[in-house]
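For reference, the structure is listed below as structure tokens.
Numbering (my numbering), first residue to last: 181 to 869.
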């Protein structure tokens, strides 16, 4: 009997796939990558056509010896690594490491680990796709030259083991730019004006919001404007001018891609992107389901396609018709997409079998696995359902020339909402009084409600909004979002507090160096264009080494310039006036993983260290002592009194020595402006240089 060897990446997949195949199939795992560039050197021969120098990954020798033995016994070898660039590259590395180029070697790939998908792939094996392999080689080599050329400069400049990266550095810049935008933001005052009206025969009052004068929508900018409007309205009668009833529909969302899954899992389940990918990998590779053995519950998790196979599409439509009724099944063709550069060999992320409902498998899953599977299952089922239909009613009310509006909406057909609701969806406006109002309704004014507001700065990035931004800007690909965010958090360039991402002091320093010395690396358009070129390699339109040839000389020149600048500015430890209480030497300022700290220059004999509290030359607005730069436990910078905890003064914005000339409160810096911290005042000055 012929003997066949199937090599997958993960031992979990071995368990899942083994039960689909006969006894003449040996299924084994490579445990991920088997070859890579060496850690101790650049590993790219820049003098010899940028040839990568691959070596066997440490610790993989024994595993490769076992795989070689199995390969010798096999009549055919099937490489069944993941269905993407990285998986294709692992298969190629396996052919080199196992020295099996002269044997019958076939590449098989499947989008889901089910019996039908695995058997179908074995019936349709193919050759290795070298375009995919080269696209991965190009990414790996680019990331290596950026990381290994720039990181030593950061080390020299900041004196700790920091790192730069092709995607991580531009991601850091995006976060830093948002932080700058927030810090420079000056709130603008506006007022809301509501009127409570008694409608005849109705017990409840009707609350209507100010719209504007005539047909123009207006924003009330000040108390003076508000008073003028109230004066003009005076004792005028409130009359119903228009009642409009209409229908509104909300279409079902498309099934998940990697990006949308990460965003929704962050919002709905509070999962970090790395956690979403880890749990999704478990669901894809296989879970031991009671009565079924090990089963792959979802399709492949790294995709930017929303396409679904015809078989899965028909299956979910049949399921909806049976469970909810035929009227819930949409007629729309959901596989049309306008998006370019989609890895359309993949499908969207969906359940491998829609009949396997979350409740049916709940006992076999951990809490996190169940919640993520339920999210994926519900989104997929909803994607093939009819839109939710609303009946909306809006009322326009006039008081002289001034207009007020009120509205209400109610669901008249649930559609996809019977299965799925997005995490941040707007709540429907239910207003019973609006539903009963007509043009003839008589209105009596009860009272006005007025409130002062201030515009809010742009929101800090969350992992969800950062992934969305990276995708919109064309930076990175589905497989890079989670590791990129994890890296900048692990390096302490940014910190997470609740869901928000904040820049740390060390992140500020690194971003400053990158912007100054390597502007193209942290340029959003340059990075997005590089992604397009790498997609060109995958499509067979661009030779991968051409990208490196065009990129490397400029990078090398920038590195040499930066090295010269560093030599000119000899970096020495800044000596402070503070004396070491252990040995009497003057303490010096050093950089650590959390930013600056004070250390004894007598190291290693004296190991004394202390927090560094940098004075900003501003007296504390509460007690008059010095304001210093402090950091939260997670490394986020703020301004506080040196006498903390006795004095509780703190500010996220830098305080100024200038006092407000209107109310006398202290002011803070907002870009090139100074703003009064007294909300009732809000006076703004242009900063003098």
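Ideal Cβ positions, reconstructed from N, Cα and C, are used throughout, including at glycine.
Nearest to residue i by alpha carbon, out of the options?
i	options	result
residue 477	218, 455, 537 and 289	537
residue 760	181, 778 and 770	778
residue 352	403, 695, 615 and 755	695
residue 769	241, 780 and 259	780
residue 229	765, 753, 727 and 741	727
residue 480	464, 190 and 487	464
residue 312	332, 384 and 273	273
residue 684	543, 669 and 698	669
residue 829	844, 804 and 838	804
residue 725	196, 226, 210 and 219	226
residue 268	247, 314 and 278	314
residue 250	209, 222, 324 and 219	209
residue 737	551, 305, 623 and 326	326
residue 244	278, 260, 254 and 252	278
residue 485	264, 232 and 423	264
residue 425	332, 618 and 284	618
residue 636	260, 365 and 285	365
residue 623	649, 533, 376 and 718	376
Looking at residue i: is its Cβ nearer than 8 Å to the Cβ of residue j?
i	j	result
residue 455	residue 293	no
residue 580	residue 412	yes
residue 330	residue 370	no
residue 714	residue 318	yes
residue 590	residue 570	yes
residue 431	residue 509	no
residue 188	residue 206	no
residue 489	residue 527	yes
residue 256	residue 328	no
residue 860	residue 363	no
residue 200	residue 303	no
residue 386	residue 379	yes
residue 827	residue 843	no
In terms of residues, what are the limits of the alpha helix (DSSP H) holding residue i?
i	result
residue 335	310-338
residue 388	That residue, residue 388, is in no alpha helix (DSSP H); its beta strand (DSSP E) goes 385-393.
residue 561	547-563
residue 267	265-277
residue 662	661-670
residue 799	Unbroken run through residue 799 is the beta strand (DSSP E), 794-799; no alpha helix (DSSP H).
residue 358	348-364
residue 499	490-503
residue 159	Residue numbering for the chain in the displayed model covers 181 to 869; residue 159 lies beyond these limits and cannot be assessed.
residue 407	403-413
residue 628	Unbroken run through residue 628 is the beta strand (DSSP E), 623-634; no alpha helix (DSSP H).
Using 8 Å for Cβ pairs, my map puts residue i next to residue j. What's the rounded Cβ distance?
i	j	result
residue 596	residue 572	Not really, about 18 Å apart at Cβ, beyond 8 Å.
residue 347	residue 224	No, residue 347 and residue 224 are not in contact; Cβ-Cβ is about 18 Å, not under 8 Å.
residue 801	residue 835	7 Å
residue 630	residue 406	6 Å
residue 603	residue 444	6 Å
residue 433	residue 634	That pair is no contact at about 34 Å.
residue 793	residue 822	6 Å
residue 460	residue 552	6 Å
residue 574	residue 587	4 Å
Tell me which residue opens and which closes the beta strand (DSSP E) that residue i is part of.
i	result
residue 573	568-579
residue 836	835-839
residue 772	766-772
residue 696	Residue 696 -> not in any beta strand (DSSP E); alpha helix (DSSP H) instead, spanning 685-697.
residue 373	369-379
residue 873	In this structure the chain extends from 181 to 869, so residue 873 is not present and cannot be described.
residue 432	Note, residue 432: premise wrong, no beta strand (DSSP E); not H, not E.
residue 200	Premise fails: residue 200 is in no beta strand (DSSP E) and is neither H nor E.
residue 468	467-469
residue 791	789-791
residue 588	582-593
residue 820	817-821
residue 674	674-677
residue 866	864-866
residue 710	Unbroken run through residue 710 is the alpha helix (DSSP H), 704-718; no beta strand (DSSP E).
Quick one: does residue i have its CB under 8 Å from some CB of chain C?
i	result
residue 589	Any reference to chain C falls outside this structure, which holds one protein chain only.
key: Inter-stretch contact at 8 Å, needing at least 3 Cβ pairs: the segment 539-554 / the segment 352-362   = no
query = Using 8 Å as the threshold, is the segment 643-662 in touch with the segment 403-422, meaning 3 or more CB pairs across them?
reply = no
query = Are the segment 212-222 and the segment 237-256 in contact at 8 Å, needing three or more beta carbon pairs?
reply = yes
ask   = Between the segment 815-831 and the segment 662-678, are three or more C-beta pairs nearer than 8 Å?
value = yes
query = Would the segment 688-707 and the segment 279-299 be scored as touching if the rule is three or more Cβ pairs under 8 Å?
reply = no
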